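Step one of this worksheet: look at the structure below.
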Amino acid sequence: MAGRFITLEGIDGAGKSSHSSFIADRIMARGFEVITTREPGGTALGEKLRSIVLNEKMHGDTETLLMFASRTEQLADVILPALANGVWVLCDRFTDSTFAYQCGGRGLSESRIATMETWVHGHLQPDLTLLFDAPLEVARERLNSGTNAPDKFEREQGEFFSDVRAAYLKRAAQFPHRIKLIDSARTLENIRTELGFLIDSL
Ligand code: Z5A
94 MAGRFITLEG IDGAGKSSHS SFIADRIMAR GFEVITTREP GGTALGEKLR
144 SIVLNEKMHG DTETLLMFAS RTEQLADVIL PALANGVWVL CDRFTDSTFA
194 YQCGGRGLSE SRIATMETWV HGHLQPDLTL LFDAPLEVAR ERLNSGTNAP
244 DKFEREQGEF FSDVRAAYLK RAAQFPHRIK LIDSARTLEN IRTELGFLID
294 SL
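Numbering (the numbering used here), first residue to last: 94 to 295.
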């Protein structure tokens, strides 16, 4: 039996990564093996690309191509083999991020990104995407409370993030069966009650 593919999405600071281990534990409690990974990254080459794309200034097309280059490696080396072996995959960000950040945030053409999506993984979509959504002020306050130095994306201004958030919400409206909108302004416990229900019903 093939594994299930779950992705986590949301604007920076919305709080998706905080739930990764809870979701993985819940999947294991159902008796399934699960791996957690992230994008960009997840392979040796992907992590090198991540360091470049999160820190270097570059053309929006270059940024998009590097996101898909990292994704191609990760699909070939990690995601597809795991799913074929019945292992569930929990991935922190995937192609919805490219539509949200490069299309919504940077203004790149949606059809160009859709073409690359078809090229790189036309045969595969997540079984479930959890879109963590919170008002920009909430997300920004959470980010500011962290100790890590902000990366290139986190240094963007408010308008960029409102465009990214709007693009995410558009995706959720386009794919309501796959993308579940999670109100991430709630407490961690409150959110986990809903996540547990969603994972158990998958
Ligand atoms: N990117 C792209 O542009 N295109 C693409 O195709 C892909 C990615 C795949 C990767 O960063 C960057 O790459 C990303 C988009 C771009 N932009 N940035 N930056 P990343 O994924 O490594 O970083 P991130 O998205 O900002 O993730 P993060 O740092 O892990 O943030 P988060 O997952 O949204 O939040 P968190 O770490 O779970 O929580 C942040 C803080 O809030 C933390 O202190 C928590 O304890 C706190 N928190 C979380 N939830 C709550 C609740 N419910 N209540 C109170 N406090 C909370």
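Just so it is clear, CB atoms sit at the ideal spot from N, CA and C, and this is done for glycine as well.
In this text the structure is predicted, and so the values were computed from the model without any measurement.
Item	Value
Sufficient close CB pairs (3 or more, under 8 Å) joining the stretch 278-291 to the stretch 110-130	yes
DSSP three-state assignment for K245, whether helix, strand or coil	coil
Spatially closest choice to R131 from N148, K109 and I120, by CA coordinates	K109
Where S163 falls, given that 16 or more other Cβ within 10 Å makes a residue buried	buried
Continuous beta strand (DSSP E) stretch holding R131: start and end	V127 to R131
Cutoff 6 Å; reference F125; Cβ partners in own chain excluding five residues on either side	W181
N- and C-terminal bounds of the beta strand (DSSP E) containing K273	I272 to D276
R258 versus P228, M209 and R248, residue with shortest Cα-Cα distance	P228
Entirely enclosed beta strand (DSSP E) segments - the stretch 148-186, minimum 3 residues	181-185
7 Å Cβ cutoff met for T100 and T222	yes
Presumed contact (8 Å Cβ cut-off) between L291 and K273, rounded CB distance	6 Å
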